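Colleague: Input: one structure, supplied below.
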Amino acid sequence: MPRFAYAGIDLEGKAVKGTHRAPSRGDAEVALFERDLRNLRVTEKKSVLQYEIAGPRIKRVEVMHLTRQIAAFLRAGLPVLDAVHSIGAESENSSVRRMMHSIEDGLRTGERFSDCLDRYPKVFPEYYRGIVRSAELTGELDTVLGRLSRYIERDLEARRKIKSALMYPSVVAAMSVVTVVILAVFVLPRFKDFFESLDAELPLPTRMLLAVTDFVGAWWWAMVGGLVIALALGWLVTRFQPGKYARDAFLLKVPVVGETIQYALVERFCRVFASMVSAGVTLTDALQVSTNALRNRVFIKRLSEVGDAMLEGQGISGPLTRTRLFPSAATQMLRVGEETGTLDNQLETTAEYYEVELDYKINKLTALFEPVVIVVMGLIVGFVAVALISAMYGIFNQVDV
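Heads up: the sequence shown is residues 362 to 762, going by my numbering.
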């Protein structure tokens, strides 16, 4: 049975604290209230082993669900404190339950909902907290949370499509590599001993294959060490801003892949920007938070110049065009929204347009990647098979002669 730590005040006005075992936090609060304790703060206690098993990580899908639940509770007329309490009491995820209980404690002490979310920057990104903070000021928290849940759902769906699109070629590549390794490590050495015992002259493909396997067998430690060093250097370089910028710039220039990444970043930027503008955030603040949500150093650097231009009164569509990061269709849509005063609607429309375009780019990338992987792996496996079969035929011919 879970154990809960509590702190409160008894009827004589003395501060008391201790622990209490109960099936849930609500049961613990009721039991302590019946013991004439008031101003209670009850938190669930966990052992070190339980913390290690449960872990502090909360997946984005959990954030989407709890955001949608809070929005539904608020639309039904419940205060945010009761909504948070209900989610914390009913959640099956221990990490979510502890987080919601902590947020509830903060709300009970008079903190704002956004201030409570600031304690969990790894769970709630900066744009999420900024949108919630603005929504509290405008009184549209339920509507904005509903938009946030839909945005997170679309983002998760896009990631799922990318993973599913790469699944088949990845499996084909992995199986092909395993096949080649088995042939090279277990089959070829037996054939090599057999060929040497017959003192037969091997065909060129077989000699080439044996030379490769002998090289790998003799220098595998150097190859593994070189790979580890290369990965370590790559990791070290990308720890610094110049290395991160060079990596992001390189990815944007890769054919097909770079355009897919660009469309994904444009779609996310427009989604976050639209949500923040609809929540009443100023354009400069919305631009800054939306830029940081991209995590791409090239976009972050060039969009910071857009913020400076906006402060000088140049608007947003013109400076965005000069960055050369946004397709012309996107900047034209934003220009229309800026001129007609419907920037939030145009941002949402642009995001939806590039969401469809992103699906097309992902399908195109998959259609290009699959045959390349299959052809390359087929050539490798085919070469190994030809080398073995030609060796057998060559030996038989020499024996017959």
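Ideal Cβ placement from N, Cα and C applies to all residues, glycine included.
A quick note: this is a predicted structure, and the numbers were derived from the prediction, not measured.
Starting from the Cα of E620, find the closest Cα among P688, A572, V457 and P486 and give me that residue.
Modeller: Taking the sequence shown and counting its residues from 1, one reaches residue 620 at position 259. For E620, the nearest C-alpha among the options comes from P688.
Colleague: Can you tell me the Cα-Cα spacing of V457 and I419, whole angstroms?
Modeller: For the purposes of this step, residue 457 is identified with residue 96 of the sequence shown, where counting begins at 1. For the purposes of this step, residue 419 is identified with residue 58 of the sequence shown, where counting begins at 1. Between V457 and I419, the C-alpha separation is close to 7 angstroms.
Colleague: So the beta strand (DSSP E) K378 belongs to, where does it begin and stop?
Modeller: Start at 1 with the first residue of the sequence shown, and residue 378 comes out as number 17. Its beta strand (DSSP E) spans residues A376 to R382.
Colleague: Ends of the alpha helix (DSSP H) at Y624?
Modeller: The residue given as residue 624 occupies position 263 in the sequence shown. Start and end: V618 to S639.
Colleague: Helix, strand or coil: how does DSSP classify N653 here?
Modeller: Taking the sequence shown and counting its residues from 1, the one referred to as residue 653 is at position 292. N653: helix per DSSP, three-state reduction.
Colleague: Under the assumption that A635 contacts D705 (Cβ atoms under 8 angstroms), give the Cβ distance between them as a whole number of angstroms.
Modeller: The residue you call residue 635 lines up with position 274 of the sequence shown. The residue you call residue 705 lines up with position 344 of the sequence shown. That belief holds up - the Cβ atoms of A635 and D705 are roughly 5 angstroms apart, short of 8 angstroms.
Colleague: Rounded to a whole number of angstroms, what is the C-alpha to C-alpha distance between L719 and S651?
Modeller: Taking the sequence shown and counting its residues from 1, the one referred to as residue 719 is at position 358. Taking the sequence shown and counting its residues from 1, the one referred to as residue 651 is at position 290. C-alpha separation (whole angstroms): 19 angstroms.
Colleague: Step through the CB atoms of chain D and report whether any lies within less than 8 angstroms of the CB of G587.
Modeller: In the structure shown, chain D does not exist; there is a single protein chain.
Colleague: Compute the distance between the beta-carbons of A432 and G507, then report whether it is under 8 angstroms.
Modeller: Residue numbering aside, residue 432 sits at position 71 when the sequence shown is read from its first letter. Residue numbering aside, residue 507 sits at position 146 when the sequence shown is read from its first letter. In contact: A432 and G507 (Cβ atoms closer than 8 angstroms).
Colleague: Relative to the alpha-carbon of R791, which residue among V484, N400, R429 and V615 has its alpha-carbon at the smallest distance?
Modeller: The structure shown does not extend to residue 791, since the chain is modelled only from 362 through 762, so no value can be given for it.
Colleague: Does the count of Cβ pairs from the segment 660-673 and the segment 529-540 closer than 8 angstroms reach three?
Modeller: Flag = no, the segment 660-673 and the segment 529-540 do not touch.
Colleague: Tell me which same chain residues have a C-beta within less than 7 angstroms of the C-beta of S510, skipping the five on either side of it?
Modeller: Along the sequence shown, one-based indexing puts residue 510 at 149. Answer for S510: M425, T428, R429 and A432, listed in chain order.
Colleague: Where G586 and V539 are concerned, what is the direct C-alpha to C-alpha distance, given to the nearest angstrom?
Modeller: Indexing the sequence shown from 1 puts residue 586 at position 225. Indexing the sequence shown from 1 puts residue 539 at position 178. G586 and V539: Cα-Cα distance of roughly 21 angstroms.
Colleague: I need the DSSP call for N400, collapsed to helix, strand or coil.
Modeller: Looking up residue 400 in the sequence shown gives position 39. Strand at N400.
Colleague: Could you check if L648 is buried or exposed, using at least 16 other CB atoms within 10 Å of its CB as the buried criterion?
Modeller: Residue 648 sits at position 287 when you count from the first residue of the sequence shown. So L648 ends up on the buried side.
Colleague: Rounded to a whole number of angstroms, what is the C-alpha to C-alpha distance between V771 and P566?
Modeller: Since the first and last residues shown for the chain are 362 and 762, residue 771 lies out of range.
Colleague: Looking only at its own chain, which residues have a Cβ that is under 7 angstroms from the Cβ of A752, when we skip the five neighbours before and after it?
Modeller: On the sequence shown, residue 752 is found 391 positions in, with the first residue counted as 1. The answer, listed in chain order, is F552, F556, L563, P564 and T567.
Colleague: If I measure Cβ to Cβ from D443 and keep anything under 8 angstroms in the same chain, skipping five residues before and after, which residues do I get?
Modeller: The sequence position of residue 443 within the sequence shown is 82, counting from 1. Here the set comprises F434.
Colleague: Skipping 5 residues on each side, what residues in its chain have a beta carbon closer than 6 angstroms to that of Y715?
Modeller: For the purposes of this step, residue 715 is taken as residue 354 along the sequence shown, with counting starting at 1. Only Y624, V627 and E628 meet the Cβ criterion.
Colleague: Verify whether the separation of the beta carbon atoms of L695 and I677 is less than 8 angstroms.
Modeller: Translated into positions along the sequence shown, residue 695 becomes position 334. Translated into positions along the sequence shown, residue 677 becomes position 316. In contact: L695 and I677 (Cβ atoms closer than 8 angstroms).
Colleague: Going by the DSSP bridge assignment, what does I370 pair with across the sheet?
Modeller: Indexing the sequence shown from 1 puts residue 370 at position 9. In the DSSP output, where bridge partners are listed per residue, I370 has A376 and R399.
Colleague: Quick check: what's the CA-CA separation for T470 versus D476?
Modeller: Counting from 1 along the sequence shown, the entry for residue 470 is found at position 109. Counting from 1 along the sequence shown, the entry for residue 476 is found at position 115. For T470 and D476, the distance between alpha carbons rounds to 12 angstroms.
Colleague: Taking the beta carbon of D575 as the centre, do at least 16 other beta carbons fall within 10 Å, making it buried, or is it exposed?
Modeller: As a position in the sequence shown, residue 575 is number 214, starting the count at 1. Exposed, because fewer than 16 other Cβ atoms sit within 10 Å of the Cβ of D575.
Colleague: Please identify the residue among F474, V659, A389 and V617 whose C-alpha is closest to the C-alpha of K725.
Modeller: Taking the sequence shown and counting its residues from 1, one reaches residue 725 at position 364. Minimum Cα distance to K725 is reached at V617.
Colleague: Answer yes or no: do G698 and S495 have a C-beta to C-beta separation smaller than 8 angstroms?
Modeller: If you number the sequence shown from 1, residue 698 lands on position 337. If you number the sequence shown from 1, residue 495 lands on position 134. No, these two residues do not count as a Cβ contact at 8 angstroms.
Colleague: When we look at the beta-carbon of Y367 and count the other beta-carbons within 10 Å, is it buried (16 or more) or exposed?
Modeller: If you number the sequence shown from 1, residue 367 lands on position 6. Y367 should be labelled buried.
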